[in-house]
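In numbering that gives the first Met the number 0, the protein residues as written are 0 to 342.
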Amino acid sequence: MSISSESEETVMKIKNFLKRFKAYALILVVGLGLFTGCGSSGSGKSSGKNAKIYVIFTDEDDAYRKLLYNGLKSSAEKEKVTIKFENCGNDVNNQVEAARKAKKGGYDAIICRLADASTAPQIELAAGGLPVIYVNNQPDESALKADKYIFAASDENQAGKYQAEYVMNKLNKKEMNIVIMEGEKGHSGAEARTASVKENLKDAGVKANVVFMDFANWSDDEAEHKMDLFLRTGHSIDAVFCNNDTMALGVVKSLQSHGLSTKDIPVVGVDATSDGCQSIKDGGMQFTVFQNAKGQAAKAIELARDLGQGKKVDSVKGVTENGKFAWVPFEKVDSSNVDDYMK
Numbered sequence: 000m001s002i003s004s005e006s007e008e009t010v011m012k013i014k015n016f017l018k019r020f021k022a023y024a025l026i027l028v029v030g031l032g033l034f035t036g037c038g039s040s041g042s043g044k045s046s047g048k049n050a051k052i053y054v055i056f057t058d059e060d061d062a063y064r065k066l067l068y069n070g071l072k073s074s075a076e077k078e079k080v081t082i083k084f085e086n087c088g089n090d091v092n093n094q095v096e097a098a099r100k101a102k103k104g105g106y107d108a109i110i111c112r113l114a115d116a117s118t119a120p121q122i123e124l125a126a127g128g129l130p131v132i133y134v135n136n137q138p139d140e141s142a143l144k145a146d147k148y149i150f151a152a153s154d155e156n157q158a159g160k161y162q163a164e165y166v167m168n169k170l171n172k173k174e175m176n177i178v179i180m181e182g183e184k185g186h187s188g189a190e191a192r193t194a195s196v197k198e199n200l201k202d203a204g205v206k207a208n209v210v211f212m213d214f215a216n217w218s219d220d221e222a223e224h225k226m227d228l229f230l231r232t233g234h235s236i237d238a239v240f241c242n243n244d245t246m247a248l249g250v251v252k253s254l255q256s257h258g259l260s261t262k263d264i265p266v267v268g269v270d271a272t273s274d275g276c277q278s279i280k281d282g283g284m285q286f287t288v289f290q291n292a293k294g295q296a297a298k299a300i301e302l303a304r305d306l307g308q309g310k311k312v313d314s315v316k317g318v319t320e321n322g323k324f325a326w327v328p329f330e331k332v333d334s335s336n337v338d339d340y341m342k
């Protein structure tokens, strides 16, 4: 009997050991599973420098947009991210379809130069949850969302402020007749730059009589033609504010053809393109505002890469407190420092 009792006791010990072993094994398997889950993205996103970015663009026939386009390409190469461009012209439907392609193609994020700023919600819906970085044309703030939909650019209000300050310091007048050449109807940059010029002149106590204002669609030829038509009225002017350098060049050509001195009538632009800077050196334009296309492109690539990997971007330089904007500062350019911006 003693042998039988000892055997039974041994069997019970073995059974208890096996129960404990199974419990420990289960804990170990679950733990390893959790550990493995923490180490992977869980969303199929590419990591590090293998991010895939889809760029929805309009066209490159504008000097600044060409700089931005090339900046996106060079920044993507530098960061070693995969990038695909789709040029949709100004067709909104093509842009929406391109956003769908980005989602279906397994891309991590979208960079978009909107053809129409009001269509951001359609782009976001078609993107199916992909983060979208907008450049060059700002959608309404209601379409932006922290760590999801961000506008990467330069604060257009600052551009108009710098233009107004230059002209006020140059002319030192409490009343002036001004011309404003606007870029593109409905374009956020054109609207903000124009509004900022008016507001800053008013806030400084300057009575600015806008004797002529029209859209020239960023074109030097169109700006020259419209300025020619206005000058035939014989109306006096003190300064010309242009939403970009290309239009300013057309205005300079028109003024000079009518025998008017651009030394007496400041013509100011935005972008600090190579042609614009050369005009300042030659005594045509007097002032421009450098819009850093390479800086904006690099910022857009950085944001798209990080958001595509599921990261937050609140610590990225230039991102505002509300997380909806990422600003690259404008810079003042005149004859005193134009050589620094010659390309």
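Think of the CB as a built atom: it goes at the ideal place given N, C-alpha and C, for glycine as much as any other residue.
Comparing alpha-carbon positions, the option among Asp339, Val332, Glu330, Leu302 lying closest to Ala145 turns out to be Leu302. Residues Pro265, Val267, Gln285, Phe286, Lys331, Asp333 of the same chain have their beta carbon placed closer than 8 Å to that of Tyr165, with the five preceding and five following residues left out of the count. DSSP, reduced to helix, strand and coil, places Lys65 within a helical segment of the structure shown. Closest by C-alpha distance to Asp274, out of Val131, Asp219, Cys111, is Asp219.
Looking from the CA of Ala119, the closest CA among Gln137, Asp107, Gly104 belongs to Gln137.
Rounded to the nearest whole angstrom, the C-alpha separation of Asp270 and Glu181 is 14 Å. Here the alpha carbons of Lys206 and Gln157 stand approximately 20 Å from one another. Contact between the segment 58-67 and the segment 97-110 is absent: fewer than 3 CB-CB pairs across the two stretches fall below 8 Å. In the DSSP assignment, Cys241 falls outside any alpha helix (DSSP H) and lies within the beta strand (DSSP E) extending over 238-241.
In this structure, Ser117 lies near Gly185, with their beta-carbon atoms less than 9 Å apart.
Contact check for Leu254 against Met212 fails: the beta carbons are separated by 9 Å or more. Taking His234 as the centre and dropping the five residues before and after it, the same chain places the C-beta of Val210 closer than 6 Å to its C-beta, in chain order. Rounded to the nearest angstrom, the Cβ distance from Gly128 to Ala292 is 29 Å, too far for a contact under 8 Å.
Under the three-state reduction of DSSP, Met212 is assigned to strand.
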